[in-house]
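Since the structure comes first, as structure tokens, the remarks are kept for the end.
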Amino acid sequence: MEKSELFWSASLAELKRGYIEEKDSYVCLLCGEKIEKGIVYPCENIFYEAERYMRIHIESTHQSVFEYLIGMDKKLTGLTDHQNSLLRLFYEGKSDAEVQTELGIGSTSTIRHHRFALKEKERQAKTFLALMELLKEKDEYAPAFIPVHKTARMIDDRYNITEEEQEKILKKYFPDGTVHLSKFPPKEKQRLVVLRKIANEIKPDHMYAEKELNEVLELIFDDYVMIRRYLIEYGFIDRKPDGSQYWLKK
């Protein structure tokens, strides 16, 4: 299962702690890092069992689950920029007066109103989640959609793709099973599926020089510059402003 699928299929409790437990390991929902069970892991001259070390990994790599989630695209969180700022300050333990001063808006009663509005959003979200869980038990015709990757920069109708559609697109553009394109898809949905496949060829936790990345992409399609541009546009990879280094986004 891909990282995005693990992330979106996780329970609320698993998402809150940032990792899931599998038979032989713990898997970070934020980056896909696996910590094997039955091994002790050293950190600053102290040895930790696997689950505790996973929590250390999240703290050292992602700062916190909250920081990771609050930093996701607002089309994935459903938060406005203003709500995002408020939640960050509330998480830091700021009082209403401190939040009001820092944001320079209204009064402390204004901040209390925002707190109430966020609680209302929470209540609505819980109700909606319960409805969707109940729906799963009855809606036998619901198609299986491919999950939106967590680093997506634009969430729109191009992500309305079922697993069946994805398989057809992959067979059309990679008929022999190898990751090599003879032509690039003209349609947005097809591009998304193809780019997801290509992104799997890029090593995680590796910083690519532009030339090195070009060499990888040229093996897939002749117009590697276009592929590189689309991978950035769709949020699969990122780069330094000067284009000197590229990496797979998590």
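Counted from 1, the sequence shown has number 115 at position 115 by full-length UniProt numbering; the numbering is strictly sequential.
The C-beta atom is built at its ideal place from N, Cα and C for all residues, glycine as well.
Residue i, buried or exposed, once every other Cβ within 10 Å from all chains shown has been counted against 16
{"i": "Ala-13", "result": "exposed"}
{"i": "Thr-178", "result": "exposed"}
{"i": "Gln-124", "result": "exposed"}
{"i": "Leu-86", "result": "buried"}
{"i": "Arg-228", "result": "buried"}
{"i": "Ala-152", "result": "buried"}
{"i": "Met-54", "result": "buried"}
{"i": "His-62", "result": "buried"}
{"i": "Tyr-141", "result": "exposed"}
{"i": "Leu-129", "result": "exposed"}
{"i": "Leu-135", "result": "exposed"}
Neighbourhood of residue i by C-beta, 6 Å cutoff - its chain only, sequence neighbours within 5 removed
{"i": "Ile-58", "result": "Gly-18"}
{"i": "residue 252", "result": "The first residue shown for the chain is 1 and the last is 250, placing residue 252 beyond what the model contains."}
Nearest residue (CA-CA) to residue i, options the options
{"i": "Arg-191", "options": "Tyr-91, Thr-110, Thr-127 and Tyr-173", "result": "Tyr-173"}
{"i": "Leu-195", "options": "Phe-236, Lys-168, Ser-244 and Phe-128", "result": "Phe-236"}
{"i": "Pro-241", "options": "Lys-171, Ala-209 and Tyr-224", "result": "Ala-209"}
{"i": "Lys-197", "options": "Glu-167, Thr-61 and Ala-97", "result": "Glu-167"}
{"i": "Glu-67", "options": "Tyr-91, Val-27, Ser-25 and Leu-118", "result": "Tyr-91"}
{"i": "Glu-122", "options": "Gly-93, Gly-78 and Glu-212", "result": "Gly-78"}
{"i": "His-180", "options": "Ser-95, Lys-171 and Cys-31", "result": "Lys-171"}
Close-in-space but distant-in-sequence residues of the same chain around residue i (CB under 8 Å, 5 per side omitted)
{"i": "Ala-10", "result": "Ile-20 and Leu-29"}
{"i": "Ser-244", "result": "Ala-209 and Glu-210"}
{"i": "Val-148", "result": "Ser-4, Trp-8, Leu-76, Ile-155 and Tyr-159"}
{"i": "Lys-74", "result": "Thr-80, Asp-81 and Asn-84"}
{"i": "Phe-47", "result": "Val-40 and Tyr-41"}
{"i": "Asp-223", "result": "Phe-184"}
Rounded C-alpha distance that separates residue i from residue j
{"i": "His-206", "j": "Trp-247", "result": "6 Å"}
{"i": "Val-99", "j": "Glu-233", "result": "35 Å"}
{"i": "His-114", "j": "Asn-214", "result": "48 Å"}
{"i": "Met-1", "j": "Asn-45", "result": "Residue placement at Met-1 cannot be trusted, given a pLDDT of 48 that sits under 50; the coordinates are not used to answer."}
{"i": "Asp-176", "j": "Phe-221", "result": "15 Å"}
{"i": "Glu-218", "j": "Met-226", "result": "10 Å"}
{"i": "Ala-97", "j": "Phe-116", "result": "16 Å"}
{"i": "Glu-163", "j": "Glu-102", "result": "46 Å"}
{"i": "Pro-204", "j": "Glu-133", "result": "33 Å"}
{"i": "Glu-165", "j": "Ser-109", "result": "51 Å"}
For residue j and residue i, believed in contact at Cβ under 8 Å, the rounded distance
{"i": "Val-65", "j": "Lys-16", "result": "7 Å"}
{"i": "Phe-145", "j": "Ile-161", "result": "7 Å"}
{"i": "Glu-51", "j": "Tyr-26", "result": "6 Å"}
{"i": "Lys-250", "j": "Cys-31", "result": "4 Å"}
Neighbourhood of residue i by C-beta, 7 Å cutoff - its chain only, sequence neighbours within 5 removed
{"i": "Arg-88", "result": "Ile-70"}
{"i": "Asp-24", "result": "Glu-36 and Lys-37"}
{"i": "Gly-106", "result": "Gln-100"}
{"i": "Tyr-230", "result": "Arg-191 and Leu-195"}
{"i": "Val-193", "result": "Ile-161, Gln-166, Ile-169 and Leu-170"}
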